[in-house]
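K.L.:
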Amino acid sequence: MKKKLVVITGAGMSQESGIKTFRDNNGLWEDHDVMEVASPQGWNANPKLVLEFYNQRRKQLYESSPNKGHKILAELEKHFQVEIITQNVDDLHEQAGSTKVLHLHGELKKARSTKNPELVYTLKNWQLNWGDKCDLGSQLRPHIVWFGEEVPALFDAMKITETADILLIIGTSLSVYPAAGLINYIQPSIPIYYIDPNPVIVPSNVTVIEAKSSIGLEQLLHLFEIK
67 MKKKLVVITG AGMSQESGIK TFRDNNGLWE DHDVMEVASP QGWNANPKLV LEFYNQRRKQ
127 LYESSPNKGH KILAELEKHF QVEIITQNVD DLHEQAGSTK VLHLHGELKK ARSTKNPELV
187 YTLKNWQLNW GDKCDLGSQL RPHIVWFGEE VPALFDAMKI TETADILLII GTSLSVYPAA
247 GLINYIQPSI PIYYIDPNPV IVPSNVTVIE AKSSIGLEQL LHLFEIK
């Protein structure tokens, strides 16, 4: 039986595909204060700005492709039971061929009702506009977990992490939650690998590969003796 490889990915995973992260710009995301475009308060203050912001992020995603790191993770399904827990809202893992992906922070290509968050719709293109409504007649908003909102998928992520035979963390700081907290749910003695070009201080039981995601994953293949 294949071993269970649980992978936690963050913004660094998608940077090689041209997807930007606000943390690289002193809290600015595409020249916007993140609280203006990624919080309930920002939505209430200027929903049209928020919709346009995510339209541009969605357009950027439609113009992007999975990078080598995404493709290596998909190929690892030949050797492991792979489950990916991602903080990223893009679908580049799925585009690369990964079959089990849990999105902690929502999905950019989806929208949900402002009246009933259980009503989630897949968008037909990159535009979500003011006046686009759900079946209940309320405005649709991006299907994104904003700052200050609960993370509905967190419990499922904990359960997945508990089943890991190997834990792999890519492109996310071990000081940023919820990813940092998930490490506490692995079984004792489970090997942990951490790929990041700028790794933070990590526990001694973590194997650090100081590289961007694609290069780090190639190195990991050598460690796993996979050709």
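As numbered in this note's numbering, residues 67 to 293 make up the sequence shown, in order. Every residue, glycine too, gets a C-beta built ideally from N, C-alpha and C.
Could you give the distance in angstroms between the alpha-carbon of V268 and the alpha-carbon of I275?
P.N.:
So the alpha carbons of these two residues sit roughly 12 Å apart.
K.L.:
For G172 and H288, I'd like the C-alpha separation in whole angstroms.
P.N.:
In a straight line, the C-alpha of G172 is about 33 Å away from that of H288.
K.L.:
Short of 6 Å in beta carbon distance, which residues of its chain neighbour D198, apart from the five on each side in sequence? Order them along the chain.
P.N.:
Closer than 6 Å at the Cβ level, and outside the excluded window around D198, lie L206.
K.L.:
Helix, strand or coil, according to DSSP, for L168 in the structure here?
P.N.:
Residue state, collapsed to three classes: strand.
K.L.:
Hey, would you say P106 sits closer than 7 Å to G214, going by beta carbons?
P.N.:
Yes, the pair counts as a contact, with Cβ atoms nearer than the cut-off.
K.L.:
Could you check the C-alpha separation between S255 and S83 for me, to the nearest Å?
P.N.:
For S255 and S83, the distance between alpha carbons rounds to 34 Å.
K.L.:
Check whether the Cβ atoms of V72 and A230 lie closer than 7 Å to each other.
P.N.:
Yes, Cβ-Cβ distance for V72 and A230 is below 7 Å.
K.L.:
Contact check, E149 vs I226 under 8 Å by CB: the rounded distance?
P.N.:
At roughly 5 Å, the Cβ-Cβ gap stays under 8 Å, so E149 and I226 are in contact.
K.L.:
How long is the line joining the alpha carbons of V266 and R123, rounded to whole angstroms?
P.N.:
Answer to the nearest angstrom: the Cα atoms are 28 Å apart.
K.L.:
Can you confirm whether the segment 153-164 touches the segment 121-136 when touching is taken to mean that 3 or more C-beta pairs between the two stretches lie within less than 8 Å?
P.N.:
Flag = yes, the segment 121-136 and the segment 153-164 touch.
K.L.:
Which word fits I292, buried or exposed, when buried means at least 16 other C-beta atoms lie within 10 angstroms of its C-beta?
P.N.:
Exposed, since its Cβ has fewer than 16 Cβ neighbours within 10 Å.
K.L.:
Could you give the distance in angstroms between the alpha-carbon of L154 and the alpha-carbon of F146?
P.N.:
The sequence shown places Asn at residue 154, rather than the Leu named in the question. Taking the straight line joining both Cα atoms gives about 22 Å.
K.L.:
With distances taken from CA atoms, which of P257, W95, H209 and I261 is nearest L240?
P.N.:
Answer by Cα proximity: I261.
K.L.:
Look at the Cβ atom of H209, then the Cβ atom of K176, and state whether they are nearer than 7 Å.
P.N.:
Result yes, Cβ atoms of H209 and K176 sit closer than 7 Å.
K.L.:
Just the C-alpha distance for I236 and Y251, rounded to the nearest angstrom, thanks.
P.N.:
Those two C-alpha atoms are separated by around 17 Å.
K.L.:
Under 8 Å Cβ to Cβ from L168, same chain only, skipping five residues before and after it: list those, please.
P.N.:
If we look at L168 and ignore the five residues flanking it on each side, its Cβ neighbours are E149, I150, I151, T152, A219, D222, A223 and I226.
K.L.:
With K137 as the anchor, note down where its beta strand (DSSP E) starts and where it stops.
P.N.:
It is not in any beta strand (DSSP E) - K137 instead sits in the alpha helix (DSSP H) that spans K134 to E141.
K.L.:
Suppose the cutoff is 7 Å on Cβ atoms and the five residues either side in sequence are ignored; what does the same chain contact list for W212 look like?
P.N.:
Only A104, S105 and P106 meet the Cβ criterion.
K.L.:
In angstroms, rounded to a whole number, what distance separates the CA positions of N191 and M101?
P.N.:
Their backbone Cα atoms lie some 25 Å apart in a straight line.
K.L.:
Which stretch, first to last residue, makes up the alpha helix (DSSP H) that contains F86?
P.N.:
First, the amino acid is wrong: residue 86 is Lys here, not Phe. Taken as a continuous stretch (DSSP letters only), K86 belongs to no alpha helix (DSSP H), as it is neither H nor E.
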